Amino acid sequence: MIGLGFREHGGLDRVELVEVPDNEPAAGEVRIRLRAAAFNRLDRFVLAGIPGVPIERPHVLGSDGAGVVDAIGPGVNDLAVGDRVLLNPGLWDATCPACVAGLECLCRDYRIVGEHTQGTATESIVLPRRNVHRIPSSLTWEQAAAAPLVFQTAWRAIRTVGAVAPGETVAIIGAGGGVSTAAIQVARQAGARVVVVGRSLDKADACRRLGAEEVLLLTEEKPLDRTLWEWSGKRGIDLIFDSVGSPTVPRSVRSVARGGRLVVIGATAGPLVQIDLRTLFWRQASIRGSTMATSHEFDAVLAELVAGRLAAVVDRVFDWSDGRAALARMDAPDLFGKVVLRTPG
Ligand SMILES: [Zn+2]
4 MIGLGFREHG
14 GLDRVELVEV
24 PDNEPAAGEV
34 RIRLRAAAFN
44 RLDRFVLAGI
54 PGVPIERPHV
64 LGSDGAGVVD
74 AIGPGVNDLA
84 VGDRVLLNPG
94 LWDATCPACV
104 AGLECLCRDY
114 RIVGEHTQGT
124 ATESIVLPRR
134 NVHRIPSSLT
144 WEQAAAAPLV
154 FQTAWRAIRT
164 VGAVAPGETV
174 AIIGAGGGVS
184 TAAIQVARQA
194 GARVVVVGRS
204 LDKADACRRL
214 GAEEVLLLTE
224 EKPLDRTLWE
234 WSGKRGIDLI
244 FDSVGSPTVP
254 RSVRSVARGG
264 RLVVIGATAG
274 PLVQIDLRTL
284 FWRQASIRGS
294 TMATSHEFDA
304 VLAELVAGRL
314 AAVVDRVFDW
324 SDGRAALARM
334 DAPDLFGKVV
344 LRTPG
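Spelled out as structure tokens, the structure:
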């Protein structure tokens with residue numbers, strides 16, 4: 004079958020249609036004929052090459068997807084051919100102590116579809132039964148494909164790792180990407196006061212519609228720490244959700260309230276930072292990393308999506324033939340939400 008991916012690491016010019024083998028589901032596995040895939044920042048890192056992560060080539064991109072069950076392996080009795088499903092892109096071994104304790108995203112063998120395995124921008128994919136979730140027809144293919152990675156990331160980072168409480172302030176650093184559109188909703192639903200900080204106010208109304216109380220503009224004169232310090236009445240922010248990395252994390256540290264938490268879920272603009280530890284101990288603040296979510300957290304997110312209380316923001320849907328343009332769209336200054344690809348299934 005064909006997939007959208009690459010033979011050699013590099014930039015967007017390396018993206019092409021590649022041939023990968025068809026797969027049959029083994030015991031405990033399910034094959035999904037994909038209807039839609041969605042891209043994440045991760046896909047661009049996979050394309051460029053991630054140090055220490057060997058990637059089989061040719062490689063198919065895409066971690067998120069939704070479609071129809073079209074083959075079932077032995078031992079799977081609770082799904083039927085034709086069921087509408089979405090997939091959880093987190094892969095775990097289900098046997099290590101973390102998995103047994105229900106902390107699957109801390110699995111010693113944790114992997115992500117499309118990074119450590121072939122991805123979803125193709126005709127079909129075989130996954131363990133535990134990664135496949137039935138969805139109602141009220142969720143469109145595009146919404147179903149757009150939600151899983153960013154919403155589970157935002158949910159665990161804000162609710163579990165960030166331990167947000169009603170009435171607390173949450174700052175989302177950066178507006179526009181899929182994960183920030185998910186984080187605004189998750190934080191607001193948890194009863195937090197949400198402030199978004201970005202480099203343009205073009206998306207301010209859209210952020211407010213998702214639940215942001217305020218959208219603040221960053222400038223040369225008023226960088227992140229000064230902006231948040233002023234907005235919070237010199238109190239600082241209870242929980243800061245940062246996926247940007249080196250340009251923002253040192254200023255995020257200076258912006259936390261006493262007892263505040265900085266949760267780092269990515270480093271899209273660079274991984275190395277220098278921070279002032281005196282701020283950390285004096286304010287008794289913490290910095291924690293978070294990635295993906297447990298299966299319990301995933302189930303909670305899915306219930307919210309099915310009920311319509313959370314919804315993926317779809318920036319644009321691209322046809323299968325426009326795969327490279329879909330990946331390029333993630334660089335567009337006016338990006339707001341997820342980039343979705345209609346798959347050939
Ligand atoms: Zn495990």
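Numbered per this note's numbering, the sequence shown spans residues 4 to 348. Just so you know, even glycine gets a beta-carbon here, dropped at the ideal spot from N, CA and C. Keep in mind it's a predicted model, so treat the numbers as computed, not measured.
Query raised in the report: Considering only residues of the segment 111 to 162, which uninterrupted beta strand (DSSP E) runs meet the minimum length of 3 residues and lie entirely inside it, listed in chain order?
Result: 127 to 131, 135 to 137
Query - Whole-angstrom distance between Ala41 and Val153, CA atom to CA atom - result: Taking the first residue of the sequence shown as 1, we reach residue 153 at position 150. Taking the first residue of the sequence shown as 1, we reach residue 41 at position 38. Roughly 10 Å between the two C-alpha positions.
Report task. Report whether the distance from the Cβ of Arg10 to the nearest heavy atom of ligand 1 is below 7 Å. Result -> Here residue 10 refers to the residue found at position 7 of the sequence shown. Result no, Cβ not under 7 Å from ligand 1.
Requested in this report: Kindly examine ligand 1 and report whether one of its heavy atoms sits closer than 7 Å to the Cβ of Arg114.
Outcome: Taking the sequence shown and counting its residues from 1, the one referred to as residue 114 is at position 111. No; taking the cut-off as 7 Å, the Cβ of Arg114 has no heavy atom of ligand 1 nearer than that.
Query raised in the report: Where His62 and Ala315 are concerned, what is the direct C-alpha to C-alpha distance, given to the nearest angstrom?
Result: Within the sequence shown, residue 62 is the residue found at index 59, counting from 1. Within the sequence shown, residue 315 is the residue found at index 312, counting from 1. Rounded to whole angstroms, His62 to Ala315 spans 26 Å at the Cα level.
Report task. Find out if the Cβ-Cβ distance for the pair Ile176, Phe244 is shorter than 8 Å. Result -> Taking the sequence shown and counting its residues from 1, the one referred to as residue 176 is at position 173. Taking the sequence shown and counting its residues from 1, the one referred to as residue 244 is at position 241. Against a cut-off of 8 Å, the Cβ pair of Phe244 and Ile176 comes out as a contact.
Query - Within 8 Å, strictly: CB atoms of Asp67 and Arg34 - result: Walking along the sequence shown from the start, residue 67 turns up at place 64. Walking along the sequence shown from the start, residue 34 turns up at place 31. No, Cβ-Cβ distance for Asp67 and Arg34 is not below 8 Å.
Query raised in the report: If you pair each beta-carbon of the segment 257 to 270 with each one of the segment 289 to 308, do three or more pairs fall below 8 Å?
Result: yes
Query raised in the report: Within the present structure, is the beta-carbon of Arg111 separated from the nearest heavy atom of ligand 1 by less than 7 Å?
Result: In the sequence shown, the residue the question calls residue 111 occupies position 108. Answer for Arg111: yes, Cβ within range of ligand 1.
Report task. Could you spell out where the beta strand (DSSP E) holding Glu32 opens and where it closes? Result -> As a working mapping, residue 32 is identified with position 29 in the sequence shown. Residues 32 to 42.
Query raised in the report: Exposed or buried, Thr98, counting other C-beta atoms within 10 Å across all chains shown (16 or more means buried)?
Result: As a position in the sequence shown, residue 98 is number 95, starting the count at 1. Answer is exposed; the Cβ neighbour count stays below 16.
Query raised in the report: Measuring from the CB of Ala101, is there a heavy atom of ligand 1 at a distance below 7 Å?
Result: Stepping through the sequence shown from its first residue, residue 101 is reached at position 98. Correct: Ala101 has its Cβ closer than 7 Å to ligand 1.
Requested in this report: Please state whether DSSP places His12 in a helix, a strand or coil.
Outcome: Counting from one through the sequence shown, the residue named residue 12 turns up at place 9. Coil, per DSSP.
**Report entry** Among Val116, Val259, Trp95, the one whose alpha carbon lies nearest that of Leu106
**Finding:** Within the sequence shown, residue 106 is the residue found at index 103, counting from 1. If we check each option's Cα against that of Leu106, Trp95 comes out closest.
Query - Meets three-Cβ-pair contact criterion under 8 Å: the segment 297 to 304 and the segment 151 to 167 - result: yes
Query raised in the report: Considering only the beta carbon of each residue, do Gly76 and Ala30 sit closer than 8 Å?
Result: Indexing the sequence shown from 1 puts residue 76 at position 73. Indexing the sequence shown from 1 puts residue 30 at position 27. A contact, by the Cβ cut-off of 8 Å.
Query raised in the report: Quick one: is the Cβ of Thr98 within less than 7 Å of any heavy atom of ligand 1?
Result: Here residue 98 refers to the residue found at position 95 of the sequence shown. Yes, the beta carbon of Thr98 sits closer than 7 Å to at least one heavy atom of ligand 1.
Query raised in the report: Within the present structure, is the beta-carbon of Trp234 separated from the nearest heavy atom of ligand 1 by less than 7 Å?
Result: Translated into the one-based positions of the sequence shown, residue 234 becomes position 231. Checking the 7 Å criterion, the Cβ of Trp234 is out of range of every heavy atom belonging to ligand 1.
Query raised in the report: How big is the Cα-Cα spacing for Arg229 and Ser258?
Result: Translated into the one-based positions of the sequence shown, residue 229 becomes position 226. Translated into the one-based positions of the sequence shown, residue 258 becomes position 255. The C-alpha of Arg229 lies about 8 Å from the C-alpha of Ser258.
Query raised in the report: Comparing the CB of Trp95 with every heavy atom of ligand 1, is any distance shorter than 7 Å?
Result: As a first step, residue 95 must be located in the sequence shown, where it is residue number 92. For ligand 1, at least one heavy atom lies less than 7 Å from the Cβ of Trp95.
Report task. Measure the Cβ-Cβ separation of Val103 and Pro28 and say whether it is below 8 Å. Result -> Position 100 of the sequence shown holds residue 103. Position 25 of the sequence shown holds residue 28. Not closer than 8 Å, so no.
Query raised in the report: What's the gap between the Cα of Asp16 and the Cα of Gly78?
Result: Within the sequence shown, residue 16 is the residue found at index 13, counting from 1. Within the sequence shown, residue 78 is the residue found at index 75, counting from 1. Going by the C-alpha atoms only, they are around 43 Å apart.
Query raised in the report: Taking just the CA atoms, how far does Val21 sit from Ile58?
Result: Along the sequence shown, one-based indexing puts residue 58 at 55. Along the sequence shown, one-based indexing puts residue 21 at 18. Taking the straight line joining both Cα atoms gives about 14 Å.
Report task. Excluding the 5 residues preceding and the 5 following Ala329 in the sequence, name in chain order all residues of the same chain whose CB lies nearer than 7 Å to its CB. Result -> Reading the sequence shown from its first residue, position 326 is the one you call residue 329. For Ala329, where only same-chain residues beyond five positions count, the Cβ hits under 7 Å are Phe42, Phe321, Val342, Leu344.
Query - Residue range of the unbroken beta strand (DSSP E) whose run includes Ile240 - result: The residue you call residue 240 lines up with position 237 of the sequence shown. Looking at the DSSP string, the run of the beta strand (DSSP E) that includes Ile240 is 240 to 245.
Requested in this report: Classify Phe284 as buried or exposed, calling it buried when 16 or more other Cβ atoms lie within 10 Å of its own Cβ.
Outcome: Residue mapping note: residue 284 aligns to position 281 of the sequence shown, counting from 1. Exposed, by the Cβ-count rule.
Report task. Mark Arg254 as exposed unless 16 or more other C-beta atoms lie within 10 angstroms of its C-beta, in which case mark it buried. Result -> Indexing the sequence shown from 1 puts residue 254 at position 251. Looking at its Cβ environment, which holds 16 or more other Cβ atoms inside 10 Å, Arg254 is buried.
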